[in-house]
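Student: My questions will all concern the structure given below.
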Amino acid sequence: MMGRFSLSPSLAEIAVFLIIPATFAVQLILCFKAKHAAVKLIPTAICLAATVGFFAYVFAADGWEAFGALILSLWSAIALAVCGLGWGIWLLCKFIKKKGDSEEDSERL
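As numbered in the working numbering, residues 16 to 124 make up the sequence shown, in order.
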């Protein structure tokens, strides 16, 4: 018998492809709009806690549960890396703006 062939995405694929861009968007919006650093760190802290929690569960679980926890820890680590990308873009924009402001000040003199 041939295996079942389907082009429809699974629930896990949908979740990953929706959560990752949403995490990036939320982190980027918070980096640019939030005033306090604690608010900016909320998505990063959630992703870090999920990554650490799932990775710790890899060693506590047996068999397929450990494999599932490993996959979840990898997905949450990707989300954590996306948060880092958001922070990096924010820092780069802040650096470019600061450098542009200092060049304008030197031209005025």
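For glycine and all other residues, C-beta sits at the position ideal for the given N, C-alpha and C.
Please list, in chain order, all residues of the same chain as G101 whose beta carbon is under 7 Å from its beta carbon, the five residues on each side excluded.
Tutor: F39, Q42, L43, C46
Student: How should G55 be labelled, buried or exposed, when 16 other C-beta atoms within 10 angstroms of its C-beta is the threshold for buried?
Tutor: The identity of residue 55 in the sequence shown is Lys, whereas the question assumes Gly. The residue in question, K55, is buried, as its Cβ has 16 or more Cβ neighbours within 10 Å.
Student: Taking the alpha-carbon of V125 as reference, which of E80, L95, S117, F74 has the nearest alpha-carbon?
Tutor: In the structure as shown, the chain starts at 16 and stops at 124, and residue 125 therefore has no counterpart that could be examined.
Student: Pop quiz: F74 and S88 are said to be a contact at Cβ under 8 Å. What is the actual Cβ separation, rounded to whole angstroms?
Tutor: No, F74 and S88 are not in contact; Cβ-Cβ is about 11 Å, not under 8 Å.
Student: Determine the burial state of W90: buried for a count of at least 16 other Cβ atoms within 10 Å of its Cβ, exposed for fewer.
Tutor: buried
Student: Taking all protein chains shown into account, decide if C98 is buried (16 or more other Cβ within 10 angstroms of its Cβ) or exposed.
Tutor: buried
Student: At the level of alpha carbons, what is the spacing between A84 and I93?
Tutor: 14 Å
Student: Ordered along the chain, which non-local residues of its own chain (more than five positions away) have a Cβ less than 7 Å from that of I34?
Tutor: Within the same chain, Cβ atoms closer than 7 Å to the Cβ of I34 are found at A94, the five residues on either side in sequence being excluded.
Student: Classify S91 as helix, strand or coil using the three-state DSSP reduction.
Tutor: helix
Student: Please report the straight-line C-alpha distance between V67 and I86, rounded to a whole angstrom.
Tutor: Going from the Cα of V67 to the Cα of I86 covers about 13 Å.
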